[in-house]
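Novice: Here it is, the structure, as structure tokens.
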Amino acid sequence: MTDMPASTARHTVRPRRTVAVVLAGGTGSRVGGEMPKQLIEVAGRTVLEHTLTAVGRSAAVDEILLLMHPDHIDEAHRLASGHPKVAQVLAGGATRSDTTRIALEAIAARADPKEDPLVLLHDAARPLVDDRIIGDVVAALADHDAVTVAIPSADTLVVVDDDGLVTAMPDRARVWRSQTPQGFRLSVIRAAFERATADPAFTATDDCSVVFAHLPDVPIAVVRGSTTNLKVTHPEDVAVLELLLRERSDRHPDR
8 MTDMPASTAR HTVRPRRTVA VVLAGGTGSR VGGEMPKQLI EVAGRTVLEH
58 TLTAVGRSAA VDEILLLMHP DHIDEAHRLA SGHPKVAQVL AGGATRSDTT
108 RIALEAIAAR ADPKEDPLVL LHDAARPLVD DRIIGDVVAA LADHDAVTVA
158 IPSADTLVVV DDDGLVTAMP DRARVWRSQT PQGFRLSVIR AAFERATADP
208 AFTATDDCSV VFAHLPDVPI AVVRGSTTNL KVTHPEDVAV LELLLRERSD
258 RHPDR
């Protein structure tokens, strides 16, 4: 059983490294076609390559762990070879949560027993994450055990029941849209997943929700994200991503 740090007290051992986990285990069926969304080519490179470049560029990241759908693991190895910070490429699991668990155990296996590394969990389908966001998450982990990235909602949100009727309208000023990377101390996120695994009703759409549900005494800090840190989910997202990538390339031709 993973030992859980008492409350949110600071650890006496300074983390030796920050590991960014790029989660590319999904099939991206909503984007359309047989090709997983992370392997779609946009602006001359795959979405995954853009993401690895963006994450690897950050001085706050020491190494990258890439989790890929088992059917495309060979392609993941090929693409990762051009990114020196990628330390491991592993096959993902049946669900996103399974994939995250595989990543956490791989990091733990490589870590010194006295070390409590920082872990950043990032969607491979968010290739426009920038240095500022990554750096802010790592900086926030100096004072918090769990950190998410989010942006205020520009739209009024409604809660809808099974009959398609509005049952609630949350205050928009207090509702933010979550993004990635989400950051944790390894001991904290491992403890959350261990408790979640014992829960037969466990479901999760992201990793902070696991901490929120199963380690309720651990506050989750928020770092402001960006509207350009979009996730490629639907076919129209690909066109938007291409425009943003080309615009960024025009402004920073060295990237």
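Numbered by our numbering, the letters in the sequence shown go through residues 8 to 262 in order. Just so it is clear, CB atoms sit at the ideal spot from N, CA and C, and this is done for glycine as well.
Taking only beta-carbon atoms, is G171 less than 7 Å away from chain D?
Specialist: Among the protein chains of the structure shown there is no chain D, as only one such chain exists.
Novice: Quick check: the Cα distance between H57 and H84, rounded to an integer number of angstroms?
Specialist: Cα-Cα distance, rounded: 15 Å.
Novice: In the structure shown, what three-state DSSP assignment does V26 receive?
Specialist: strand
Novice: If you reduce the DSSP assignment to three classes, tell me which class A50 lands in.
Specialist: Coil, per DSSP.
Novice: Report the residue from G32, Q189, V182 whose alpha carbon sits nearest the alpha carbon of T102.
Specialist: G32
Novice: Measuring alpha carbon to alpha carbon, tell me which residue in V136, L72, A27 is nearest L97.
Specialist: L72
Novice: Name the DSSP bridge partner or partners of H129?
Specialist: DSSP, once it has assigned bridges, lists V29 as partnering H129.
Novice: With a threshold of 16 other CB atoms inside 10 Å of the CB of A87, please say whether the residue is buried or exposed.
Specialist: buried
Novice: Can you tell me where the alpha helix (DSSP H) holding A203 begins and where it ends?
Specialist: 193 to 204
Novice: What alpha helix (DSSP H) runs, 4 residues minimum, are completely inside the stretch 131 to 170?
Specialist: 138 to 147
Novice: Which stretch, first to last residue, makes up the alpha helix (DSSP H) that contains T240?
Specialist: Per DSSP, T240 belongs to no alpha helix (DSSP H) and is neither H nor E.
Novice: Span of the alpha helix (DSSP H) holding A115?
Specialist: 103 to 117
Novice: Is the number of C-beta pairs between the stretch 123 to 134 and the stretch 171 to 189 that are closer than 8 Å three or more?
Specialist: Judged by Cβ distances under 8 Å, the stretch 123 to 134 makes contact with the stretch 171 to 189, as three or more pairs qualify.
Novice: Taking DSSP's pairing of strands, which residues face G190 in a bridge?
Specialist: L127, V154
Novice: Using alpha carbons as the reference points, say which of V93, M75, A228 lies closest to T106.
Specialist: M75
Novice: Per DSSP, which one or two residues make a beta bridge with E70?
Specialist: According to DSSP, E70 bridges with V26.
Novice: Can you name, in chain order, every residue of its own chain whose Cβ lies under 6 Å from the Cβ of M8, other than the five neighbours on each side?
Specialist: Residue confidence is low: M8 scores 48 on pLDDT, short of 50, so the model does not pin down where it sits. Its coordinate-derived value is still stated next. Within the same chain, no Cβ atom closer than 6 Å to the Cβ of M8 is found once the five residues on either side in sequence are excluded.
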